Structures are given as structure tokens and as C-alpha cells.
């Protein structure tokens, strides 16, 4: 009976979505989109990558968005709700805000999505890219973009060094979130599920997991990576379907959902302060970002941030579902989102059919969710914050008040709540003694949300110095790994490279120590260990400081360096060796080498 009631509610919501009023005007849309199918996190040792199936899933989702906002499709059941003033055919990156994390499969998912949203087209050019004039030659011929008019979206990939990364995936770099996950294993509920599921995991170890996981990891504490691996194998490896059943796979999925809900939707878990809901931090930063993007659209009177897309991982989904409680209780929000799933927020008005931007009091917000990308995945409108189906649309002002109640509104708040050691947090901390800097709400790029227009010199100096050190360190590391660059103590280098050679203190400018290996290749000799002259080339107090040391320990004096380049011959390792005649080596009449007395 409960299942039947649920179906009735979903049917009403779906009908509500498809029967939207023609007098509605959508001004802005903001969406969080999950990456498509990828290779598993554990397995063959290769980093996870987007699969062709995953790319097709995101292309399909992008095509759905096109049918919703850009061009009505007769082949789609999606209701056409065009965004006012958005470019329909040629992409205009000034109207879009597209973000992704730095995972390759997430960024590639964003590219596949955009191919579906703005497919290749000829004879269409955005004014922001120069328009038709930029594509027209002096003789009147038109040059299209390659690949049949491929369109190039501007996708910003935010790393953990970027302050804006917290709005894409707020759990990354959050120290207190990580500490809370470690503490979760001591929770009685978690330990109970671990104990009750242990035999189930053990029965699957030899059947499925023995090639990818040690037996000690096959338990509830690793429920998500285990399900991730099993699901991929079940879909791509025919033999795996003989090893585990679909019932086993469903049980793994349910356990993975429990695991992720505990890690990202446990609102009773606290970090630095009681009640900060630290495990839902990714959903809290997401809530702030949605509000900020809509405010940007309002400030620009609808010209900017028409379509905002954030491509991310599953953590913000799970966290926001717990914070905003969308939909009827017991719905599929308790399960992991399917690949390519999309949460959509639409800012719209009712009744004004002209092109003038409405007042803030006349703006509404609705939330839609599409769990998957297939033809059987409907786009359904759901109520938020515990409201019933009849209140699925709320005034923008009420939406902002509800979202701000659950959100982390500033970068400074996030740094403090997470006790983060990120570089930008250290910069804010260093500035705390000179006045408060409040970053923009939700990571907005506009100065309208700043209480100060710029960082102080102290903060800029700290951040600049830290970034400089990090970049220099990476450069030195790359030189060591790729270029063979090494550090040596100067004293040790000198002792090894200036032993005096085979003639010791009597060595002439024309004397060069050359040894030949069996292969005939030239090598420069650093000198004989038993002859440690204190003259030219030696290491004693009378050593000649004018003598230069070659790259491989060979010594060259000023006379050698002054000779024409034609007399120098390159060695195998980039150093140079003086080519001399054998007669010049013999110096008749010179004093013999004196033995050292002890």
C-alpha cells in the first residue's frame, strides 16, 4: 500500500512538471550534475577514467537540458521551458558558468554534457566570439569551426588550491570532516552494520573481490569502493554475472548507500562546534552557491548566469538530500544517485510575458531531480524543506531564507568550521589581526557581496609567498624527476672533482685526464686518489681558484675556457673534452712528482 501511495505522489509530481504554465518565464537555472560511469576506483591499478558508456550518459543528459531550455524536441517528453535571452544554437560563454572538480572523469563528463547541450553546428557564431564577422574572410567565404562546427565551452576546473573549490566539493580539504569520518567507526550503529554484514562480504571475497582487494578490506567500512568495483564488473564482465547475482549486487548497493549516508548525511555528527553538521559540509557549501548564482542573475537583470552547471561527485548529492529533505519520505533520495544524475534549481516568474526583468518579490524557485539519463528517468519536480507536493514552488525570498539556514555562507566560515590548513585559509587567518575580510557569499565573483573590495597586502603577501614556494617546489621536483637535477654539498663536490689528476701539482694547462672504456666512449677522469697535489687542481691551501670544475668533475682552467669552440668536442653527457695532440702531453724537463711524506 505504501508503495502504491508513493507511485501516486510521483505521478502527480510528474504531471505537475509537464503541465507548467505557458506564462512562466525561466530566468536562470543552476544544476549539480554527477559524473558518468567510470572505471572503478580499485582494480587494475590505473586511475579511474570515464567510459564510453559514461560519456554517452552525459551526452544524453546534456541533450535533455537542451530540450528543456534551448530548443523544443519532438522526440522528448521533457517540457520546454526556455531560459529568457539565452543563445539557442551558438554557445555564448558569457551567459554560462560551468565548474568541475579536477578529476579527469568529472571534467570529461562536463565535456560530453556540453556536446549534447550545444552540439556542433555550422553557419552559427556567437557575438561574444566575434560573430559572423570573425568567421568571414575578405573574399566573402565563411570558415566554420572544425569537426563540423564543434563548439568550445569554457569549463573552469577548480583544484583544492582554489578558494572556489569549496563550492564545488566542500568536503575536500576539510580537516574536521576527515576527522569525523575516522570517528564514525566507533559509532554503535556503524559497528552493528559492520558486524551483521561481515559474513555477507566474506562469502563474496573469493567470488568477486580477491583480485582487487585484500581480505581485510572487504567489509562495511569500504562499502562504497566494493560496490563501485562489483557494479562495474557486473556490467562489463560476463563472467561476473555467474559469480554474483543481481540480489547480491542490490545488497551491495544498499550497504554502500548506508555507508555514504553516514559519511555525508549524518546531521547529528559535529566537528569543531556542536551542531555544525560537519559531515554534510559539501551540501552546505552547495546551498550557498545556488543562492549566490541566482543573486548574480538578479543583479545583472537576467543577462549573466543564465545557465549554471557544476559537475561533481556524489557527496554534495547525499548531503543536500539530508539537509533539504526533498520529496516524500522514503523516496529514492535515500539511495545513491545514478551516473549522470542532475539536481536542478530554476529561478522563474509567473504572469509577466514581456522581456522586462521582474522584481525580486515576483521571483519563484523550484527544485527538480532526474536520477539517471535513460529514457525511463523522468524529470520530476519535488518540494523542499519538508513541504508537501502542493508547495513545491516557493518564493525566492523564502527559498533564500531556508537555504541560508543550512548553508556555509562565506569562505571564512568554511575555513573556521573545517579547521582547514588550505593556503587560502592560512591567508585569511593571517589577515584576521588587521580587520575582517568577508569573502563573497557562495563564492560569487561579484564585488557586491564583499564587505571589503580586496584582500589586504598582508593576505596577498601570505598567499603569494605560499603559492610561490609551492610552484618553485614543484618546479625543482620536476627538474629532479625529469631532468636529472640533483643537489650536492659544495665541499663534497670539490673534494671529488679536484684531486689533481695523474700529474698532481705539476699538471700543465694542456694536460687532460681522459680514460677510455671498453666501448670506446670517452670519460673524464676526476683524478687519482693516491695523488693529492696541493697545486693546480688540488684541494690544499695552495689550490688554484682560477681552475673551473666541469659538469662531471673534470677540471678546466682559464686557458682551456678561452680557446676557440672548434677545439672542444661534446661528450655523451653534455660536458666538453679538450682535444689535444699526444705530443703536448710530454713535458721534458719538468720536476717529477714528489712522494708525500707521512
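Numbering (mature numbering (1 follows the signal peptide of the UniProt record, and there is no 0)), first residue to last: -19 to -1, 1 to 579.
Note that beta-carbon positions come from the ideal geometry of N, C-alpha and C, so glycine has one too.
Here the structure is a predicted model, which means the values were calculated and not measured.
Residue 22 to residue 121 span [Cα, whole Å]: Computed Cα separation, rounded: 53 Å.
Contacting residues, own chain, Cβ-Cβ under 7 Å from residue 500 (five flanking each side not counted): Unreliable positioning characterises residue 500 in this predicted model, as indicated by a pLDDT of 46, which lies under 50. A coordinate reading is not provided.
Residue 11 vs residue 20 beta-carbon contact at 8 Å: In terms of Cβ geometry, residue 11 and residue 20 do not form a close pair [threshold 8 Å].
Close-in-space but distant-in-sequence residues of the same chain around residue 340 (CB under 8 Å, 5 per side omitted): Hits under 8 Å: none found.
Contact check, residue 318 vs residue 295, beta carbons under 8 Å: Cβ distance < 8 Å, so residue 318 and residue 295 count as in contact.
Nonlocal neighbours in the same chain, by C-beta distance under 7 Å from residue 344, ignoring five residues either side: Once the five neighbours on either side are set aside, the close Cβ partners of residue 344 are 328, 330, 377.
Chain D contact for residue 55 (CB, 8 Å cutoff): Absent from the structure is chain D; it holds one protein chain and no more.
Test item: CB-CB of residue 139 and residue 74 under 8 Å: The answer is no: Cβ separation not under 8 Å.
Distance CB(residue 36)-CB(residue 93) smaller than 8 Å: Yes.
Cα-Cα separation, residue 289 to residue 156: In a straight line, the C-alpha of residue 289 is about 28 Å away from that of residue 156.
Cβ shell of residue 211 (< 7 Å), same chain only, five flanking positions each side left out: The residues are 189, 225, 230, 233.
Cβ neighbours of residue 367 in the same chain (closer than 6 Å, five flanking residues each side left out): Excluding residues within five positions, the ones whose Cβ falls inside 6 Å are 306.
Inter-residue CB distance, residue 236 and residue 178 (contact presumed, cutoff 8 Å): At roughly 6 Å, the Cβ-Cβ gap stays under 8 Å, so residue 236 and residue 178 are in contact.
Under the three-state DSSP convention, the category residue 322 falls into: Note: residue 322 maps to coil in three-state DSSP.
Residues near residue 563 by beta carbon distance below 7 Å, same chain, minus five either side: Unreliable positioning characterises residue 563 in this predicted model, as indicated by a pLDDT of 48, which lies under 50. The coordinate reading is nonetheless provided below. Beyond the five residues adjoining it in sequence on each side, residue 563 comes within less than 7 Å, by CB distance, of no other residue in the same chain.
Residue range of the beta strand (DSSP E) that includes residue 262: No beta strand (DSSP E) holds residue 262; the alpha helix (DSSP H) holding it covers 262 to 280.
Distance CB(residue 80)-CB(residue 51) smaller than 8 Å: Contact flag unset, no.
Straight-line Cα distance separating residue 109 from residue 119: Those two C-alpha atoms are separated by around 21 Å.
Simplified DSSP state of residue 6, which is helix, strand or coil: Strand at residue 6.
Residue 152 burial status per 10 Å Cβ neighbour count (16 or more: buried): Burial state of residue 152 is buried, judged by a 10 Å Cβ sphere holding 16 or more other Cβ atoms.
Residue interval of the alpha helix (DSSP H) (run including residue 633): Because the chain spans -19 through 579 in this model, residue 633 falls outside it and cannot be assessed.
C-beta contact flag for residue 185 and residue 244 at 8 Å: Cβ atoms of residue 185 and residue 244: not closer than 8 Å.
Classification of residue 113 by the beta-carbon crowding that lies within 10 angstroms, buried from 16 upward: Exposure of residue 113 is indicated by the presence of fewer than 16 other C-beta atoms within 10 angstroms of its C-beta.
Rounded straight-line distance, which links the Cα of residue 393 to that of residue 409: Straight-line Cα distance between these residues: approximately 7 Å.
Local conformation of residue 99 per DSSP, three classes: If DSSP states are grouped into helix, strand and coil, residue 99 belongs with coil.
Residue 90, buried or exposed, once every other Cβ within 10 Å from all chains shown has been counted against 16: Buried.
Distance between residue 160 and residue 315 (C-alpha atoms, nearest Å): If I take the Cα positions, the gap works out to 24 Å.
Secondary structure of residue 302, DSSP reduced to three states: When DSSP states are grouped into helix, strand and coil, residue 302 belongs to the helix group.
Nearest neighbour of residue 164, chosen from 251, 371, 346 [CA to CA]: The option with the nearest alpha carbon to residue 164 is 251.
Length of the line joining the Cα atoms of residue 403 and residue 264: In a straight line, the C-alpha of residue 403 is about 19 Å away from that of residue 264.
Pick from 218, 258, 241, 350 that is closest to residue 205, judged by C-alpha positions: Of 218, 258, 241, 350, the residue nearest in Cα terms is 241.
Residue 253 versus residue 399 - alpha carbon distance: Each residue's alpha carbon lies about 7 Å from the other.
Reduced DSSP category for residue 135 - H, G, I as helix; E, B as strand; rest coil: In the structure shown, residue 135 sits in coil (DSSP, three-state: anything other than H, G, I, E or B).
CB contact flag (residue 358, residue 351, <8 Å): Note that the C-beta distance between residue 358 and residue 351 is below 8 Å.
Residue range of the unbroken alpha helix (DSSP H) whose run includes residue 233: The continuous alpha helix (DSSP H) containing residue 233 extends over residues 227 to 245.
Spatial neighbours of residue 261 in its chain, beta-carbon cut-off 7 Å, leaving aside the 5 residues before and after: Close CB contacts of residue 261 within its chain, under the 7 Å cut and outside five residues either way in sequence, are with 245, 246, 248, 300, 303, 304 (chain order).
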